[in-house]
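Scroll down for the structure; my scribbles are underneath it.
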Amino acid sequence: MAKAICKSIKKKGLIEYSQVYVSSPFSKNLDSWEKLGANVFTDNAVVAKEADIIFLAVKPHILQGAVKTISEVPWRSQIKDKLFISILAGITIADLEQMLSKFDRSRVVRVMPNTPMLAGEGCTVYCPGSTVTTEDLNVVQTLLEVTGMCQVLPEHMINAVGAVSASGPAFVYLFIEALSDGGVRMGLHREMATRFAAQTVLGAAKMVLETNKHMGTLKDEVCSAGGQTIAGIHALERGGVRGVVMDAVEAAALKAAELGKLTKK
Ligand SMILES: NC(=O)C1=CN([C@@H]2O[C@H](COP(=O)(O)OP(=O)(O)OC[C@H]3O[C@@H](n4cnc5c(N)ncnc54)[C@H](OP(=O)(O)O)[C@@H]3O)[C@@H](O)[C@H]2O)C=CC1
Ligand SMILES: O=C(O)[C@@H]1CCC=N1
0 MAKAICKSIK KKGLIEYSQV YVSSPFSKNL DSWEKLGANV FTDNAVVAKE ADIIFLAVKP
60 HILQGAVKTI SEVPWRSQIK DKLFISILAG ITIADLEQML SKFDRSRVVR VMPNTPMLAG
120 EGCTVYCPGS TVTTEDLNVV QTLLEVTGMC QVLPEHMINA VGAVSASGPA FVYLFIEALS
180 DGGVRMGLHR EMATRFAAQT VLGAAKMVLE TNKHMGTLKD EVCSAGGQTI AGIHALERGG
240 VRGVVMDAVE AAALKAAELG KLTKK
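Under numbering that gives the first Met the number 0, the first residue of the sequence shown carries the number 0, and numbering increases by one thereafter.
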């Protein structure tokens, strides 16, 4: 996700890779960043010192340990005045602020991005921490709005939003794959079936966003009386597709909340 954010912002010309500092204790992960022209380090503390804006992009269970290694360096006082942008699922602003309070004048923004930003069609929300400045929020908005849709939101919504927009791409890929599978089953070549399935999902999504019509109306416009589409819709409804998709969103949102709690243990 870190690379998706960086590439998306770079694509719009807001940054150069020479301005990007990346760290991971595992040097094998850094090769691809180095090839892009980023400054790479195996010590997170060095990046925390050098960068003004620090994206926290590790898995939730890694965070506490990673922050601990930064805060234990003898020159910790040099890590100050930083804007931390967390993209971690589940980890609350309160917990982030508590963890990062070791660094003087640190501010936190919690962000939930998604990978389609790589195609310029991201859907990102962000929640300001208690000490962020208007300038910080302008920076966050400026960096993220070039990656697609981007808006500020109260934190209590972020797990639900993340289940829809951050996990959602995986759910949609699964649907596209299944649509393609159906085409293959009915005799289409895979490449053609996948291209048609993906373009269809793209077109249908644009219809929802651009016509302002209810999804039910758009669906009805496709379903001819006694026709092929309603036969397919019947099969989907018999399979419980709506309930299954809602269950998927619920499972993802509940898991995000659980990840936040587990990290505190
Ligand atoms: N993937 C997505 O679509 C989205 C992800 N997120 C959030 O983004 C975060 C990262 O997810 P994702 O990019 O998928 O995961 P990845 O595993 O791809 O990225 C995490 C990276 O952190 C590295 N890492 C591990 N330990 C440390 C450490 N101590 N210090 C610095 N770097 C370390 C990992 O190295 P190694 O691989 O060697 O362990 C890996 O390169 C998660 O918290 C997730 O909730 C949010 C929205 C969407
Ligand atoms: O699956 C995950 O936990 C991450 C967060 C949202 C999308 N991917």
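For each residue, glycine too, the CB sits at the ideal point set by N, CA and C.
Model, not experiment: these values are computed from the prediction.
>> Below 7 angstroms, is the gap between the Cβ of G161 and the nearest heavy atom of ligand 2?
In response: Here residue 161 refers to the residue found at position 162 when the sequence shown is read from its first residue. G161: yes, Cβ under 7 angstroms from ligand 2.
>> So for G231, helix, strand or coil by DSSP?
In response: Here residue 231 is taken as the residue at index 232 of the sequence shown, counted from 1. Note: G231 maps to helix in three-state DSSP.
> Does the distance from the CB of V57 to the CB of A44 come in under 8 angstroms?
Replying inline: In the sequence shown, the residue the question calls residue 57 occupies position 58. In the sequence shown, the residue the question calls residue 44 occupies position 45. 8 angstroms or more divides the Cβ of V57 from the Cβ of A44.
> Between the C-alpha atoms of V19 and V221, what's the straight-line distance to the nearest angstrom?
Replying inline: Walking along the sequence shown from the start, residue 19 turns up at place 20. Walking along the sequence shown from the start, residue 221 turns up at place 222. In a straight line, the C-alpha of V19 is about 48 angstroms away from that of V221.
>> According to DSSP, is N137 part of a helix, a strand, or is it coil?
In response: Taking the sequence shown and counting its residues from 1, the one referred to as residue 137 is at position 138. Here N137 sits in helix by DSSP.
> Is C126 near L152, with beta carbons less than 8 angstroms apart?
Replying inline: Locating residue 126 in the sequence shown gives position 127, where the first residue counts as 1. Locating residue 152 in the sequence shown gives position 153, where the first residue counts as 1. Yes, they are a contact pair.
>> Just to confirm the assignment, what range does the beta strand (DSSP E) spanning S22 have?
In response: For this step, residue 22 is matched to residue 23 along the sequence shown. That run of the beta strand (DSSP E) goes Y20 to S22.
>> Measuring alpha carbon to alpha carbon, tell me which residue in E49, I78, I53 and Y172 is nearest L142.
In response: Position 143 of the sequence shown, counted from the start, is the residue given in the question as residue 142. Answer by Cα proximity: I53.
> What do you get for F25, buried or exposed, if any count of 16 or more other CB atoms within 10 angstroms of its CB means buried?
Replying inline: Reading the sequence shown from its first residue, position 26 is the one you call residue 25. Looking at its Cβ environment, which holds fewer than 16 other Cβ atoms inside 10 Å, F25 is exposed.
> Would you call the stretch 108-115 and the stretch 77-93 in contact, with 3 or more CB pairs under 8 angstroms?
Replying inline: The way I'd put it, the stretch 108-115 does touch the stretch 77-93; three or more beta-carbon pairs between them come closer than 8 angstroms.
> Would S23 be called buried (16 or more neighbouring beta carbons within 10 Å of its own) or exposed?
Replying inline: Taking the sequence shown and counting its residues from 1, the one referred to as residue 23 is at position 24. Around the CB of S23, 16 or more other CB atoms lie within 10 Å, so the residue is classed as buried.
> Relative to the alpha-carbon of A88, which residue among V171, I8, M148 and L62 has its alpha-carbon at the smallest distance?
Replying inline: If you number the sequence shown from 1, residue 88 lands on position 89. The candidate whose alpha carbon is nearest that of A88 is L62.
> For Q150, which beta-bridge partners are listed by DSSP?
Replying inline: One-based indexing of the sequence shown puts residue 150 at position 151. DSSP lists V124 as partners of Q150.
> Among residues of its own chain, excluding the 5 on either side of V138, which ones have a beta-carbon nearer than 8 angstroms to its beta-carbon?
Replying inline: Residue mapping note: residue 138 aligns to position 139 of the sequence shown, counting from 1. Excluding sequence neighbours, V138 sits near I52 and L82.
>> Counting C-beta neighbours from all protein chains within 10 Å, is the total for A204 16 or more, i.e. buried, or is it exposed?
In response: Residue mapping note: residue 204 aligns to position 205 of the sequence shown, counting from 1. Burial call: exposed.
> In the DSSP assignment, what are the bridge partners of I53?
Replying inline: The count along the sequence shown starts at 1 and reaches residue 53 at position 54. By DSSP's assignment, I53 forms a beta bridge with F83.
> Do M116 and T146 come within 8 angstroms of each other at the CB atom, strictly closer than that value?
Replying inline: For the purposes of this step, residue 146 is taken as residue 147 along the sequence shown, with counting starting at 1. For the purposes of this step, residue 116 is taken as residue 117 along the sequence shown, with counting starting at 1. T146 is a Cβ neighbour of M116, given a cutoff of 8 angstroms.
> Identify the residues that DSSP records as bridge partners of R75: which are they?
Replying inline: As a working mapping, residue 75 is identified with position 76 in the sequence shown. DSSP lists no partner for R75.
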